[in-house]
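Student:
2 protein chains.
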Amino acid sequence: MSIVALSGGVGGARFLRGLADVVDPAELTVIGNVGDDVEVLGLHVSPDLDSILYALAALGDEERGWGRADETWRALEEAERFGGETWFRLGDRDLGLHLVRTQALARGEPLSAVTERLARLAGVRVRLLPSTDERLRTWVETPAGPLAFQDWFVARRHADDVDGVRFEGAEQARPAPGVLEALEAARLIVIAPSNPYISVWPILAVRAIREALARRSVPVIAVSPIVGGRAVKGPADRMLTRMAGGTSPAHVAGCYEGLIDALVVDEADAGAVDGLALRVVVTKTLMVGDASRRRLAEAVLESAS
Amino acid sequence: MSIVALSGGVGGARFLRGLADVVDPAELTVIGNVGDDVEVLGLHVSPDLDSILYALAALGDEERGWGRADETWRALEEAERFGGETWFRLGDRDLGLHLVRTQALARGEPLSAVTERLARLAGVRVRLLPSTDERLRTWVETPAGPLAFQDWFVARRHADDVDGVRFEGAEQARPAPGVLEALEAARLIVIAPSNPYISVWPILAVRAIREALARRSVPVIAVSPIVGGRAVKGPADRMLTRMAGGTSPAHVAGCYEGLIDALVVDEADAGAVDGLALRVVVTKTLMVGDASRRRLAEAVLESAS
Chain A
-14 MSIVALSGGV GGARFLRGLA DVVDPAELTV IGNVGDDVEV LGLHVSPDLD
36 SILYALAALG DEERGWGRAD ETWRALEEAE RFGGETWFRL GDRDLGLHLV
86 RTQALARGEP LSAVTERLAR LAGVRVRLLP STDERLRTWV ETPAGPLAFQ
136 DWFVARRHAD DVDGVRFEGA EQARPAPGVL EALEAARLIV IAPSNPYISV
186 WPILAVRAIR EALARRSVPV IAVSPIVGGR AVKGPADRML TRMAGGTSPA
236 HVAGCYEGLI DALVVDEADA GAVDGLALRV VVTKTLMVGD ASRRRLAEAV
286 LESAS
Chain B
-14 MSIVALSGGV GGARFLRGLA DVVDPAELTV IGNVGDDVEV LGLHVSPDLD
36 SILYALAALG DEERGWGRAD ETWRALEEAE RFGGETWFRL GDRDLGLHLV
86 RTQALARGEP LSAVTERLAR LAGVRVRLLP STDERLRTWV ETPAGPLAFQ
136 DWFVARRHAD DVDGVRFEGA EQARPAPGVL EALEAARLIV IAPSNPYISV
186 WPILAVRAIR EALARRSVPV IAVSPIVGGR AVKGPADRML TRMAGGTSPA
236 HVAGCYEGLI DALVVDEADA GAVDGLALRV VVTKTLMVGD ASRRRLAEAV
286 LESAS
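Chains A and B, in that order, are what the protein sequence lines are. The first sequence maps to residues -14 to 290 in the working numbering. The second sequence maps to residues -14 to 290 in the working numbering.
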């Protein structure tokens, strides 16, 4: 059965690795977030697509959660010597991919075509697609004013509270080739345990993708990124508290209103699921290695069958 | 006294390091060749400017003659994995500079401004200028047809014989800001021991630079890149043999007809200087360390005084 997963980086990527272990990877299509794409040192960086690609190719740094394993930072050290920007950490191995992608984009190749080729060359059998080939950029509204996503997330270490998010270019953005076809052919759609606001919403901000989920005839199952009321990593809990009023399963589910049929939550959050108007699947969602990633993926698949 | 040197990479860069050791570097301006500039992996690479900058900043690999000392190649290995071009070797440290320069050029900064800033940030006190900010590219005519410089030099390892050289864009190219002023203010102009055809001619192909040398009121002294009839490195001897008919001091001097007042040649070539219609200075020109670089620079300065 063919599966489509919507995902951001880090936690989502980790989950996808488990999912690709328990299904035929050739039947899995991942639609990755591009709202946090950024130009660094003149290179087009797609942090979420890269985290997914690296995770699926077993090339990623599992500890750090982003970038390449066994990484070095010599180019960046020299860029610093020569006055270049260093706020966004690009490792030497990582740069190899960014150089190839940037060159391909400059030649007019769409991001989706580049991404598919890069993934194939890394030995990834899962189909990896960006949500859109067009420019779509996440902005966060903060007490300090609107901030471009990476200015907030990396440069300011997501210290500013977030009052809202918006997605520049989303109105005009069309899904990348293959995205709608994959959604239509899917027997199951999974939303990975990613930050709803800044990892999944920018995917859903592409109207045709959102509409495809809204009119679904197959189950859409979201995995909560919250464990015991807290984000495993990143600002999801702070954002949920400020923008939704809390970090319970209901607050997470509220981010996907009308778009999901079930929510997979951690055992630690099982006490707060009463009154939720959708199916709740309780399991261990913390992923700390191959076995737990697979178990979570299996729990998601079982909940759909 | 202010000195201007015209130079390519490797041998020229090595000589300049000696020259900067024996004069006040603040009084030295180097006009570097850009005919071998090339786009690699989407980056603007200026091999000769970089060899000069790295040599003057003591950052270069002296053994190899180009690129950075203590270099690694991890980004390039990954670019290869992802299908990127690897024919032109860009090391990790080297990439730091190319990234910063490419980004600056993309923002509209002229090459001369970028180059001066990069050199300053590397601690270089010599003024380093490209011959021109405009696009000027060396092509070689070979039995296999015309080849872009780096296609011939790097990709084909300069195996093809060369019947001629031409400099795309030279007709329109204006000297970079500061170049003519430096030439006019100079008390001495030196042509470094670089390949005449592919390192110095592309500089002289900028008409205003050539004219400034032709109407000089101060000595212009060229250092031959030939030792004992052979090039220390690279194809200069083969090119001289095929295009000028030999590798004697007269053949080297013929490359600069009407533009130089003296030629510095190696002791090994001293037997072949009879009948030369310009001053010949005989010394040891082989540079194998700081001391010999300095001695050669001092010999050049003495010959001008």
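Beta carbons: idealized from backbone N, C-alpha and C, even for Gly.
Quick one: Cα of R200 (chain B) to Cα of A190 (chain B), how far?
Tutor: 15 angstroms
Student: With a cut-off of 7 angstroms, does the C-beta of L(-9) (chain A) fall near any C-beta of chain B?
Tutor: no
Student: On the DSSP letters alone, give me the boundaries of the alpha helix (DSSP H) that P187 (chain B) sits inside.
Tutor: 186 to 189
Student: Any chance the CB of I183 (chain A) is under 6 angstroms from a heavy atom of the ligand ZN?
Tutor: With respect to the ligand ZN, the structure offers nothing, as it holds no ligand at all.
Student: Where do the N-terminal and C-terminal ends of the beta strand (DSSP E) with F152 (chain B) fall, by residue?
Tutor: 149 to 153
Student: Using alpha carbons as the reference points, say which of B:S184, B:M(-14), B:A284, B:A177 lies closest to D22 (chain B).
Tutor: B:S184
Student: Comparing the C-beta of V111 (chain A) with each C-beta of chain B, is any distance below 7 angstroms?
Tutor: no
Student: Check the DSSP bridge columns for V85 (chain A) and list the partner residues they point to.
Tutor: Beta-bridge pairing links V85 (chain A) to no other residue.
Student: Determine which residues share a DSSP beta bridge with R264 (chain A) and list them.
Tutor: According to DSSP, which records beta bridges pairwise, R264 (chain A) is partnered with A:A247.
Student: Could you tell me whether the Cβ atoms of A42 (chain A) and V109 (chain A) are closer together than 7 angstroms?
Tutor: yes
Student: Determine the closest residue to P181 (chain A) out of A:R151, A:R159, A:Q157, with distance taken between C-alpha atoms.
Tutor: A:R151
Student: May I have the straight-line CA-CA distance separating E70 (chain B) from G81 (chain B), to the nearest angstrom?
Tutor: Straight-line Cα distance between these residues: approximately 18 angstroms.
Student: Residue range of the beta strand (DSSP E) that E24 (chain B) falls in?
Tutor: 23 to 25
Student: Leaving out the 5 sequence neighbours to the left and right, which residues in its chain are closer than 7 angstroms to T100 (chain A) when beta-carbon positions are compared?
Tutor: L34, L113, L114, P115
Student: For D77 (chain B) and chain A, any beta-carbon pair shorter than 7 angstroms?
Tutor: yes
Student: Could you name the residues of chain B that R102 (chain A) contacts, counting a contact when the two beta carbons are closer than 9 angstroms?
Tutor: In chain order, F67, G68 make up the part of chain B whose C-beta sits under 9 angstroms from the C-beta of R102 (chain A).
Student: Please report how far the alpha carbon of L103 (chain B) lies from the alpha carbon of A167 (chain B), in whole angstroms.
Tutor: As the crow flies, the alpha-carbon of L103 (chain B) is around 19 angstroms from that of A167 (chain B).
Student: Alpha carbon to alpha carbon, how far is S97 (chain A) from G17 (chain A)?
Tutor: 10 angstroms
Student: Specify, as a first and last residue, the run of the alpha helix (DSSP H) that E126 (chain A) falls within.
Tutor: Element bounds for E126 (chain A): not the alpha helix (DSSP H) but the beta strand (DSSP E), 122 to 127.
Student: Are T270 (chain A) and D251 (chain A) touching if we call contact CB-CB under 7 angstroms?
Tutor: Yes. Within cutoff.
Student: For the candidate residues B:T268, B:G274, B:I245, whose alpha-carbon lies nearest to that of A262 (chain B)?
Tutor: B:I245
Student: Please state whether the Cβ-Cβ distance between V15 (chain B) and A(-10) (chain B) is less than 7 angstroms.
Tutor: yes
Student: With 16 as the cutoff for other CB atoms within 10 Å, does V249 (chain B) come out buried or exposed?
Tutor: buried
Student: In whole angstroms, what is the alpha-carbon distance linking L1 (chain B) and D9 (chain B)?
Tutor: 12 angstroms
Student: Count the other CB atoms within 10 Å of the CB of V217 (chain B); is the residue buried (16 or more) or exposed (fewer)?
Tutor: buried
Student: The beta strand (DSSP E) spanning G(-4) (chain B) covers which residue range?
Tutor: From DSSP, G(-4) (chain B) is part of no beta strand (DSSP E) but of the alpha helix (DSSP H) over -5 to 7.
Student: Suppose you measure from the CA of F138 (chain B) to the CA of V237 (chain B); what does that come to, to the nearest Å?
Tutor: Spanning the alpha carbons of F138 (chain B) and V237 (chain B) requires a straight line of approximately 21 angstroms.
Student: Tell me, to the nearest whole angstrom, how far the beta carbon of V85 (chain A) is from that of G68 (chain B); I am working on the premise that it is less than 8 angstroms.
Tutor: 6 angstroms
Student: From E48 (chain B) to V208 (chain B), what distance separates their C-alpha atoms?
Tutor: 21 angstroms
Student: Can you confirm whether G81 (chain B), when its beta carbon is compared against all beta carbons of chain A, has any partner nearer than 7 angstroms?
Tutor: yes
Student: My output table needs one value for H236 (chain B): the three-state DSSP class, helix, strand or coil.
Tutor: helix
Student: Could you check the C-alpha separation between P32 (chain B) and G(-6) (chain B) for me, to the nearest Å?
Tutor: 7 angstroms
Student: In whole angstroms, what separates the C-alpha of M272 (chain A) from that of S(-8) (chain A)?
Tutor: Whole-angstrom Cα-Cα distance: 16 angstroms.
Student: Is it the case that the Cβ atoms of P234 (chain A) and A289 (chain A) are separated by a distance below 7 angstroms?
Tutor: Contact check for P234 (chain A) against A289 (chain A) fails: the beta carbons are separated by 7 angstroms or more.
Student: Taking its Cβ as the centre, do 16 or more other Cβ atoms sit within 10 Å of D55 (chain A), making it buried, or is it exposed?
Tutor: exposed
Student: Using only CA atoms, which one of A:R223, A:L198, A:R159 lies nearest to A171 (chain A)?
Tutor: A:L198
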